[in-house]
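Note sheet for the following structure.
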Amino acid sequence: MSDTLTADVIGRRVEVNGEHATVRFAGVVPPVAGPWLGVEWDNPERGKHDGSHEGTVYFKC
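Note that the numbering used here numbers the sequence shown so that position 34 is 34, with each residue one more than the last.
Printed below as a string of structure tokens:
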């Protein structure tokens, strides 16, 4: 994922299945293949993670 694309999506508002969130991370999350988006859900009950994966913090949520 290019730096330009990453900068363009960070902070964008998104809607998934009627739920709203803000994009907080865009990039690679090893060992998973391909680019990922990390979002902060408007509903604090939604979501499974706090912005970290396997000990690496990608964003704070």
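Even for Gly, the Cβ is constructed at its ideal location relative to N, Cα and C.
Since this is a predicted model, take the numbers as computed values, not measurements.
Next on the checklist: Can you tell me whether Gly34 is buried or exposed? The criterion is at least 16 other CB atoms within 10 Å of its CB, across all chains shown.
Outcome noted: Against the sequence shown, residue 34 aligns to sequence position 34. Flag for Gly34 reads exposed.
Item checked: For Asp8 and Pro31, the rounded distance between their alpha carbons -> Looking up residue 31 in the sequence shown gives position 31. Looking up residue 8 in the sequence shown gives position 8. If I take the Cα positions, the gap works out to 24 angstroms.
query: Mind checking Val39: buried by the 16 CB within 10 Å criterion, or exposed?
result: For this step, residue 39 is matched to residue 39 along the sequence shown. The residue is buried, with at least 16 neighbouring Cβ atoms inside 10 Å.
> What number of angstroms, rounded off, separates the C-alpha of Lys48 from the C-alpha of Tyr58?
Replying inline: Reading the sequence shown from its first residue, position 48 is the one you call residue 48. Reading the sequence shown from its first residue, position 58 is the one you call residue 58. For Lys48 and Tyr58, the distance between alpha carbons rounds to 14 angstroms.
Are Phe25 and Trp41 touching if we call contact CB-CB under 9 angstroms? Residue numbering aside, residue 25 sits at position 25 when the sequence shown is read from its first letter. Residue numbering aside, residue 41 sits at position 41 when the sequence shown is read from its first letter. Taking 9 angstroms as the Cβ cut-off, Phe25 and Trp41 do not qualify as a contacting pair.
**OP:** May I ask you to report which of helix, strand or coil DSSP gives Ala7?
**Re:** Working through the sequence shown from its first residue, we reach residue 7 at position 7. Residue state, collapsed to three classes: helix.
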